[in-house]
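To start, the structure under review is shown below, and the notes come after it.
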Amino acid sequence: MEKPRPPILIVDDRPENLFALEKILRQLDIEIIQTTSGMEALALTLEHHFFVAIVDVQMPEMDGYELVELLRGNPRTASLPVIFVSAIYSDEYHHRRGYDAGAVDFLSKPFMPEILLSKVKVFLELYHQRRQLEIANLKLAGFARQLETSARVSQQITSILDLNELLAEVAELIRIGFDSYFVGVWLLVPDRKVIKLNAWGQSPNVPRLVCEYEIPLESEKSIIAQVCRSGTLYLANDVTADPVYLPNENLPDTASELVIPLNVKTCLLGVLDIQSAQTGVLTPETVSALHILADQIAIAIRNARLYADIRQFNTELENRVRERTIELEKAYTQLELLDRNKSEFIQIISHELRTPLTLVKGFSQILSREKQLQEDPEYQIQVQGILNGANRMAEIVNSMLDIVKIDNSVLDLSPKWLDLHELLMSLCNELAEPVAKRQLTLDLHPLTELPQIYADQDALYKVFSNLLYNAIKYTPNGGRITISGFFYTSDKNDLANDLVEIIVSDTGIGIDPQVQELIFTKFYQTGSVTLHSSGRTKFKGGGAGLGLAIARGIVEAHGGRIQVESPGYDESTCPGSDFHVFLPVEPKLLSSREITTQIAELRAHALSQ
Numbered sequence: 070m071e072k073p074r075p076p077i078l079i080v081d082d083r084p085e086n087l088f089a090l091e092k093i094l095r096q097l098d099i100e101i102i103q104t105t106s107g108m109e110a111l112a113l114t115l116e117h118h119f120f121v122a123i124v125d126v127q128m129p130e131m132d133g134y135e136l137v138e139l140l141r142g143n144p145r146t147a148s149l150p151v152i153f154v155s156a157i158y159s160d161e162y163h164h165r166r167g168y169d170a171g172a173v174d175f176l177s178k179p180f181m182p183e184i185l186l187s188k189v190k191v192f193l194e195l196y197h198q199r200r201q202l203e204i205a206n207l208k209l210a211g212f213a214r215q216l217e218t219s220a221r222v223s224q225q226i227t228s229i230l231d232l233n234e235l236l237a238e239v240a241e242l243i244r245i246g247f248d249s250y251f252v253g254v255w256l257l258v259p260d261r262k263v264i265k266l267n268a269w270g271q272s273p274n275v276p277r278l279v280c281e282y283e284i285p286l287e288s289e290k291s292i293i294a295q296v297c298r299s300g301t302l303y304l305a306n307d308v309t310a311d312p313v314y315l316p317n318e319n320l321p322d323t324a325s326e327l328v329i330p331l332n333v334k335t336c337l338l339g340v341l342d343i344q345s346a347q348t349g350v351l352t353p354e355t356v357s358a359l360h361i362l363a364d365q366i367a368i369a370i371r372n373a374r375l376y377a378d379i380r381q382f383n384t385e386l387e388n389r390v391r392e393r394t395i396e397l398e399k400a401y402t403q404l405e406l407l408d409r410n411k412s413e414f415i416q417i418i419s420h421e422l423r424t425p426l427t428l429v430k431g432f433s434q435i436l437s438r439e440k441q442l443q444e445d446p447e448y449q450i451q452v453q454g455i456l457n458g459a460n461r462m463a464e465i466v467n468s469m470l471d472i473v474k475i476d477n478s479v480l481d482l483s484p485k486w487l488d489l490h491e492l493l494m495s496l497c498n499e500l501a502e503p504v505a506k507r508q509l510t511l512d513l514h515p516l517t518e519l520p521q522i523y524a525d526q527d528a529l530y531k532v533f534s535n536l537l538y539n540a541i542k543y544t545p546n547g548g549r550i551t552i553s554g555f556f557y558t559s560d561k562n563d564l565a566n567d568l569v570e571i572i573v574s575d576t577g578i579g580i581d582p583q584v585q586e587l588i589f590t591k592f593y594q595t596g597s598v599t600l601h602s603s604g605r606t607k608f609k610g611g612g613a614g615l616g617l618a619i620a621r622g623i624v625e626a627h628g629g630r631i632q633v634e635s636p637g638y639d640e641s642t643c644p645g646s647d648f649h650v651f652l653p654v655e656p657k658l659l660s661s662r663e664i665t666t667q668i669a670e671l672r673a674h675a676l677s678q
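Every letter in the sequence shown is one number past the one before it in our numbering, and letter 390, counting from 1, is 459.
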């Protein structure tokens with residue numbers, strides 16, 4: 070397209086003067102527009118942007134002075150430079166009047182053509198400089214608009230996580246910011262050799278495009294498909310002369326097109342398509358700015374997809390958790406029902422067993438007193454065996470009833486002030502025979518300095534009996550069992566805040582840390598059930614799995630705590646175990662957490678003394 074030449078206006082009522090001026094000015098690369106009337110000159114200034122006007126002073130109807138005054142009164146022509154020429158008026162008065170009217174110069178005829186050309190050239194140069202400045206300002210305004218668009222796109226990228234909403238917003242921002250005819254974001258379709266139009270921004274006068282418009286990647290006549298195959302941008306400054314351009318009937322005014330790949334590292338996600346209704350407007354600076362935006366859009370697409378994947382994963386996870394929670398609640402309800410049924414079954418069986426056991430024990434005792442049987446040692450052994458079995462069975466039944474009471478929180482306690490040393494001494498005397506039989510050493514450290522505690526003697530007897538029988542059972546022959554104790558007093562002068570600690574230590578096979586909490590649950594077996602034994606002191610002989618559960622229930626019913634410490638399980642090195650029983654001097658109702666805190670505080674206080 071030929072560049073327009075700067076226009077100049079010459080006004081003179083005599084055609085011969087106009088011809089002479091045109092002949093002089095023809096040497097310049099300008100467009101010469103002439104008229105013989107002041108009124109017509111005014112009309113021409115409204116149609117053209119003249120860089121200078123050469124006006125004859127003396128004209129009929131409207132002289133040069135009146136014309137210039139009217140030009141100065143119109144904002145559109147107020148700054149138009151005017152050079153007066155006159156063959157009659159050459160005196161100082163008319164020169165001053167011309168300058169007062171608004172002329173920039175006054176030439177009297179005859180004048181040298183070179184002088185006129187020199188003056189016109191000055192205004193022509195000023196015109197070119199002004200045009201360059203306007204172009205520069207337009208470029209700066211365009212750059213500012215592009216920078217603002219980049220900032221707004223970046224803001225949208227960081228604030229919008231929904232992919233479709235993000236792409237639609239970004240496409241419209243780019244269209245407006247870069248004064249484009251159409252902007253589209255095309256994304257590759259997974260597992261298909263096509264690229265789909267996902268979002269676009271278009272001029273208001275463009276027909277609405279059909280959503281999900283697709284182009285096969287093998288298309289030879291498509292700039293978009295070409296960019297997908299090559300992975301590099303493609304610029305067609307004039308699509309009518311481009312052999313790859315694929316016309317779209319919905320975009321009839323497309324004159325130039327720029328397609329930029331949307332890459333994240335080496336992965337192509339799609340393309341950014343910018344179309345303009347003008348040729349040659351996609352400058353290198355514009356292409357560079359759009360390329361930067363394309364990189365940001367590609368990262369935003371990846372992040373939006375990752376967010377969508379995470380959101381979908383979270384939704385699926387929440388659904389699975391909800392389903393599992395429902396299943397667990399059902400399972401827990403069933404377990405509660407089964408546990409309740411089991412407790413009820415144990416209670417019923419225990420009561421049912423008590424009657425025949427009472428009969429067996431009663432008749433066994435009667436038989437043992439029969440004179441005929443007393444004289445026969447073999448019968449005495451058999452009757453005593455029946456009686457021992459019945460007693461053992463009675464102990465198990467009583468243990469089962471204790472478990473039921475503990476589970477239902479109805480354990481009956483008859484507390485009184487008692488001496489723990491006397492209780493433990495009595496228990497040690499009772500165990501003297503089985504301890505000697507197993508070649509064990511049972512040491513009871515003096516506990517006479519411990520205060521009396523308010524507790525149920527029979528219940529605590531069961532606690533320490535179970536702990537000591539447990540120590541005997543899992544300590545090899547020749548081992549040692551030790552009973553020691555400590556007293557922890559608080560600064561509050563309140564017996565309910567004072568504690569005694571009884572420790573039952575052994576040199577046995579130890580307990581794996583992973584099951585140290587499980588051993589206090591009912592029916593838990595540390596070894597194989599094939600090792601079950603009715604004897605209470607046989608090495609590693611299994612039991613009913615109730616002793617430690619009963620011990621915990623009784624201790625906690627007293628407001629205390631029982632716990633075990635052991636380095637681990639090892640039958641060769643026998644690391645041993647320590648069972649700690651904490652009992653308040655005078656029980657009070659405390660939560661499990663409060664008891665734990667109280668024990669820790671009292672221990673720390675004792676160590677600091």
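Quick reminder that beta carbons are idealized off the backbone N, C-alpha and C, glycines included.
Between which residues of its own chain and Asp81 is the CB-CB distance below 6 Å, once the five residues before and five after are set aside?
Once the five neighbours on either side are set aside, the close Cβ partners of Asp81 are Leu87 and Asp125.
Looking at the structure shown, is His514 part of a helix, part of a strand, or coil, going by DSSP?
Coil.
For Ile361 versus Val254, is the C-beta spacing smaller than 9 Å?
It is not a contact, given that the beta carbons lie outside the stated cut-off.
What first and last residue would you give for the alpha helix (DSSP H) that runs through His490?
Taken as a continuous stretch (DSSP letters only), the alpha helix (DSSP H) holding His490 covers Leu489 to Glu499.
Does the region 385–395 come close enough to the region 287–300 to have 3 or more Cβ pairs within less than 8 Å?
Touching, no, given that fewer than three Cβ pairs across the two stretches are closer than 8 Å.
Which residue wins for smallest C-alpha separation from Gln271, given the options Gln508, Ala669, Phe119 and Ser345?
Nearest C-alpha to Gln271: Ser345.
By alpha-carbon positions, which one of Glu326, Arg244 and Met181 ends up nearest to Val252?
Closest option to Val252, Cα to Cα, is Arg244.
Please find out if some non-hydrogen atom of the ligand ADP comes closer than 8 Å to the beta-carbon of Val328.
Within the structure as shown, the ligand ADP is missing, as the structure has no ligands at all.
Which partner residues of Arg549 appear in the DSSP bridge assignment?
In the DSSP output, where bridge partners are listed per residue, Arg549 has Thr510.
Check whether the region 477–492 touches the region 522–530, taking contact to mean three or more Cβ pairs, one atom from each stretch, closer than 8 Å.
The region 477–492 vs the region 522–530: in contact.
By DSSP, does Arg165 sit in helix, in strand, or in coil?
Looking at Arg165 - three-state DSSP - the assignment turns out to be helix.
Can the beta-carbon of Thr551 be found closer than 9 Å to that of Val573?
For Thr551 and Val573, yes; Cβs fall inside 9 Å.
Going by the beta-carbon positions, is the gap between Gly629 and Phe651 smaller than 9 Å?
Taking 9 Å as the Cβ cut-off, Gly629 and Phe651 qualify as a contacting pair.
Could you tell me which of Val173, Ile370, Leu193 and Leu94 sits nearest to Phe120, measuring between CA atoms?
That would be Leu193, whose Cα lies nearest to the Cα of Phe120.
Going by other Cβ atoms of all chains shown within 10 Å of its Cβ, with 16 needed for buried, is Asp231 buried or exposed?
The residue is exposed, with fewer than 16 neighbouring Cβ atoms inside 10 Å.
Once the 5 residues before and after Glu241 are set aside, which same chain residues still bring their CB inside 7 Å of it?
Here the set comprises Gly270.
For my contact list, Ile101 and Glu91 are in at a C-beta cut-off of 8 Å; report their separation, rounded to the angstrom.
Yes, Ile101 and Glu91 are in contact; Cβ-Cβ is about 5 Å, under 8 Å.
Do you know offhand how far Arg549's Cα is from Leu568's?
Straight-line Cα distance between these residues: approximately 26 Å.
For the alpha helix (DSSP H) containing Leu617, list its first residue and its last residue.
Looking at the DSSP string, the run of the alpha helix (DSSP H) that includes Leu617 is Gly616 to Ala626.
Between which two residues does the alpha helix (DSSP H) containing Asn86 stretch?
It spans Pro84 to Leu94 - the alpha helix (DSSP H) in which Asn86 sits, taken as one unbroken run.
If you draw a straight line from the alpha carbon of Leu304 to that of Leu327, how long is it in whole angstroms?
So the alpha carbons of these two residues sit roughly 5 Å apart.
Would you kindly report the start and end of the unbroken alpha helix (DSSP H) that includes Ser534?
That run of the alpha helix (DSSP H) goes Gln526 to Lys542.
With 16 as the cutoff for other CB atoms within 10 Å, does Ser495 come out buried or exposed?
It is exposed - the Cβ of Ser495 has fewer than 16 other Cβ atoms within 10 Å.
Taking the beta carbon of Thr402 as the centre, do at least 16 other beta carbons fall within 10 Å, making it buried, or is it exposed?
With fewer than 16 Cβ atoms within 10 Å of its Cβ, Thr402 is classed as exposed.
Under a Cβ-count criterion, where at least 16 other Cβ atoms within 10 Å of its own Cβ denotes burial, should Glu85 be classed as buried or exposed?
By the 10 Å Cβ count, Glu85 comes out exposed.
Within a Cβ cutoff of 7 Å, which residues of the same chain sit near Met70, ignoring the five residues on either side of it in sequence?
No answer about Met70 holds up, because its pLDDT of 48 lies below 50 and its placement is not dependable.
Measure from the alpha carbon of Lys506 to the alpha carbon of each residue in Ile435, Cys336, Thr355 and Pro545, then state which is nearest.
Taking only the C-alpha atoms, the option nearest Lys506 is Pro545.
Quick one: which unbroken alpha helix (DSSP H) runs of 4-plus residues sit fully inside the region 123–164? Chain order, please.
Whole alpha helix (DSSP H) segments, 4+ residues: 133–142.
By alpha-carbon positions, which one of Leu513, Ser553, Asp512 and Glu491 ends up nearest to Tyr727?
This structure leaves residue 727 out entirely; the chain is present only between 70 and 678.
What did DSSP end up calling Gly592 once you bin it into helix, strand or coil?
Before going on, a small fix: residue 592 reads as Phe here, not Gly. Of the three classes helix, strand and coil, the one that applies to Phe592 here is coil, per DSSP.
So for Val254, helix, strand or coil by DSSP?
In the structure shown, Val254 sits in a strand (DSSP, three-state: E or B).
Going by DSSP, name the residue or residues bridged to Pro653.
In DSSP, Pro653 forms a bridge with Leu568.
Using DSSP bridges, identify the partner residues of Arg298.
Beta-bridge pairing links Arg298 to no other residue.
Quick one: is Asp342 buried, meaning 16 or more other Cβ sit within 10 Å of its Cβ, or exposed?
The residue is buried, with at least 16 neighbouring Cβ atoms inside 10 Å.
For Leu404, which of helix, strand or coil comes out of DSSP?
The answer is helix: DSSP assigns Leu404 an H, G or I state.
Would you kindly work out how many angstroms separate the C-alpha atoms of Ile455 and Tyr448, rounded to a whole number?
Rounded to the nearest angstrom, the two C-alpha atoms are 11 Å apart.
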